[in-house]
Each structure stands twice: as C-alpha cells, then as structure tokens.
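**Q** Dropping a structure here in structure tokens format, bear with me for questions.
2 protein chains.
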Amino acid sequence: MPDSLHRFKADIFQALAHPTRIAIMELLEGRELSAGELMEKLGMEQANISQHLAVLRAKQLVVNRKAGNQVFYSMRDPIISKVLALMRRYFQKHLKDTMELLDEMDDSVLRSGR
Amino acid sequence: MPDSLHRFKADIFQALAHPTRIAIMELLEGRELSAGELMEKLGMEQANISQHLAVLRAKQLVVNRKAGNQVFYSMRDPIISKVLALMRRYFQKHLKDTMELLDEMDDSVLRSGR
DNA sequence: ATAATATATTCGAAGGATCGAATATTCCGA
DNA sequence: TCGGAATATTCGATCCTTCGAATATATTAT
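Protein chains in written order, with this note's numbering: chain D, 1 to 114; chain H, 1001 to 1114.
The following block contains the structure:
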C-alpha cells in the first residue's frame, strides 16, 4: 500500500486524537448541533471549540450548514460512528487494563501539571 | 461521558495517528512479525521502527513475545483490525474527495519540503 | 569470555499541536 | 446604518512528537 494512503488514514486518526474532538464527534452521533450548542454542552471556550471544529472540517469528518446566524455541524459519514462504537467495545472488553492505563495517565497528568 | 474516557480513546487514536504505525498495524493483521521483519518490510531505520513499536506497546495496541534473539509482535485485539477495515471502506467511499485531500497534502508536503 | 546479532532507549534538534487572548467576519434586528 | 450575537481566525507561548545518531541491553554462537 502506498504511503500516501497511510498518511491519509493517519490524518483521520490524528483528527480524532483529542479528547475534545472525540467528545464533539460523540455528541454529533445521529444528530446535528450548532457550534454554540456544542460549546454549551462541552463547557469550553468559544475559540477553542471553533478551532477543534476547524480541524474536523479540514479532515472532512464533519460537514456544516449555515442557517442565518448559526452554523450547524453533523457527521459526514456514519462509518465514523461505527469506528467510535468499536472503540467503546474495545474499551469495555479491556476494562481492567484500561483502568490501569487511565491511572497511569492520570498520574503522569498530575506529575506534569495538566 | 467522563473526560477520562475521551482521553483514553483519544490516546488510542493518537497511537494510530502516524503513517508508519498504520503500516505496522496493517502488516500485523492476522499474523505475527518480528521487529526485524517489520523493519525490512517497511525499509526504515531500526531505531525508528523500534520507537514506533514502543508507542504501540505503550497504548497496548500490540503485544510482544520474546523468542530467543527476536521479539515478535502481534495485534492485541482484532477489534483494531475492524477499525482499520472500516477506514478502508471510508477511504473507498470517499475516493474522489480523498484524492483531492491527498493532492492538497502532497502539495503542502512539497511546499514544506518533507 | 568475546563477538555478533537483534532490539530498545536516550538525547537533542526541528517541526507540529494546543491553548487563551485578541481580533475579524457574518448575519440579523432595531 | 448601527449594534449585537454567533462563529471564525490569528498570534504567541508552551508543550508534544518525530527523527537520526549514539548508546545500551539481551541473547546466541564461537
């Protein structure tokens, strides 16, 4: 397989490789939400959400629709929803190990003050 | 959903967010390969492959088995293989747009000299 | 023991990602 | 037209990732 295809896939994963963007995608499963609604549900800075939406847009994981003052976002393709569902299954299957992983992450997070 | 779970998923995606690591995971679909075989098939620096394997190990996407001089790697869970299969479907489905995306990527790659 | 092979780790430089603050844009209503 | 609301973009500081080079570790063969 040519490297450009690996780069393409890696770029999709990269777009999903942030907790906030995962949260956005999960909120968009099966429904459309405005940038403002996402902002409210996630309780984060307006600029920050907008930046993350820009990343998802750039990789075409979401599409947007302008309606007057607002911009509504939705998933471009339900396949991504299937990917997220598989991740949930993966998580449940390895719950025990995952816990330990999360503990380590939390530790390192505490150590590095983030 | 608590943020720690989003962080967990994001970390898995992060582990997959590199062309070389995608290539490694695809080579490991359904079979076991030694670090050396991966190195040979990918035609990359030994240290580099080993570093990427370290990332995949840290997130437990692969498991390894020592056999004398060598270390054999395999996928920890076929669910990840399913994720990769979904990505292939996604790619095919959006082939046209993907081409354009790849073109843009290539362009920017050329521009930034990488 | 020593050398050779296979793999892993550490280091430092270079580039990429993320954040909040500030600013810009776009659209609607008064 | 002006003001306000919703969203997007830019900027700079900080942190994270990636790479090759060098070095370390572990295992087998001599």
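All C-beta atoms in this analysis are idealised placements derived from N, C-alpha and C, irrespective of residue type, glycine included.
In chain order, what residues of the stretch 1022–1040 of chain H put their CB closer than 9 Å to some CB of chain D?
**A** I1022, A1023 and E1026
**Q** Where A15/D and R1007/H are concerned, what is the direct C-alpha to C-alpha distance, given to the nearest angstrom?
**A** Near 14 Å, if we compare the C-alpha coordinates of R1007/H and A15/D.
**Q** If you compare alpha carbons, which of T1020/H, S1081/H, P1002/H and D1097/H is closest to V1055/H?
**A** T1020/H
**Q** Please go through the same chain and pick out, in chain order, the residues whose beta-carbon is closer than 6 Å to the beta-carbon of S65/D, but skip the five residues on each side of it.
**A** The sequence given here places Arg at residue 65/D; Ser does not occur at that position. So the qualifying residues of the chain are F72.
**Q** What is the DSSP secondary structure of S1112/H, counted as helix, strand or coil?
**A** A caution first: S1112/H carries a pLDDT of 42, below 50, which makes its placement in the model unreliable, though a value can still be read off. If DSSP states are grouped into helix, strand and coil, S1112/H belongs with coil.
**Q** Would S1112/H pass as an interface residue toward chain D - the criterion being a Cβ-Cβ separation below 8 Å?
**A** Any reading at S1112/H must be qualified, since the residue scores a pLDDT of 42, below 50, and its modelled position is unreliable; the value itself is stated next. Answer no: the Cβ-Cβ gap between S1112/H and chain D never drops below 8 Å.
**Q** Is L33/D helix, strand or coil when you go by DSSP?
**A** strand
**Q** Secondary structure at N64/D, three-state DSSP: helix, strand or coil?
**A** strand
**Q** Just to confirm, is the Cβ distance from M1087/H to S1081/H under 8 Å?
**A** For M1087/H and S1081/H, no; Cβs fall outside 8 Å.
**Q** Between the C-alpha atoms of A85/D and N1048/H, what's the straight-line distance to the nearest angstrom?
**A** If you take the alpha carbons of A85/D and N1048/H, they lie about 32 Å apart.
**Q** Could you tell me the distance, in whole angstroms, from the CA atom of L1042/H to the CA atom of A1023/H?
**A** 8 Å
**Q** So with CB distances below 8 Å, who are the chain H contacts of A54/D?
**A** The contacting residues do not exist; A54/D stays about 15 Å from chain H at best.
**Q** Could you list the residues in the stretch 1058–1089 of chain H with a C-beta less than 7 Å from some C-beta on chain D, going in chain order?
**A** Q1060, D1077, I1079, K1082, V1083, L1086, M1087 and R1089
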